[in-house]
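To start, the structure under review is shown below, and the notes come after it.
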Amino acid sequence: MDLPRVAATCPAKIELEGGKNYAYCTCGLSAKQPFCDGAHKGTEFRPTLFTVPEGKTAYLCQCKKTGNAPYCDGSHKQIPQNPQVAPEIA
Ligand code: FES
Numbered sequence: 000m001d002l003p004r005v006a007a008t009c010p011a012k013i014e015l016e017g018g019k020n021y022a023y024c025t026c027g028l029s030a031k032q033p034f035c036d037g038a039h040k041g042t043e044f045r046p047t048l049f050t051v052p053e054g055k056t057a058y059l060c061q062c063k064k065t066g067n068a069p070y071c072d073g074s075h076k077q078i079p080q081n082p083q084v085a086p087e088i089a
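Quick note: the sequence shown uses numbering that gives the first Met the number 0, first residue 0, plus one each step.
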């Protein structure tokens, strides 16, 4: 299995709460995207833990190609829109 898996080819708009602990999925296997549900167990991947000082709207990466995790940096635009039938371009 090639990981990280592309969970979606667009970011998730999330209302983050200030001071709350979040675990961002880095393997792409979580069913609770963009957050970790423990599905990385048995892989080399671990969630990225983060907090924000104040509540804000954020766009969190679901393609797992961002260079600014957990936030979308636009890298998803390089991925075919249906990765199940088209191979990823790294
Ligand atoms: S969703 Fe991954 S960079 Fe935008």
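Just so it is clear, CB atoms sit at the ideal spot from N, CA and C, and this is done for glycine as well.
If the five residues before and after Pro69 are omitted, its C-beta is found closer than 7 Å to the C-beta atoms of Tyr23, Pro33, Thr47, Phe49, Leu59, Cys60, all from its own chain and listed in chain order. Residue side-chain check: His75 places its Cβ nearer than 8 Å to a non-hydrogen atom of the ligand FES. Counting the other CB atoms within 10 Å of its CB gives Pro10 a total of 16 or more, which places it among the buried residues. In this structure, Thr8 has its CB closer than 8 Å to one or more heavy atoms of the ligand FES. Under the three-state reduction of DSSP, Lys76 is assigned to helix. The three-state secondary structure of Thr8, taken from DSSP, is coil.
No heavy atom of the ligand FES is found nearer than 8 Å to the CB of Thr47. For Lys55, DSSP records a beta bridge to Leu15.
Going by beta carbons, Gly27 and Ala6 fall inside the 9 Å limit.
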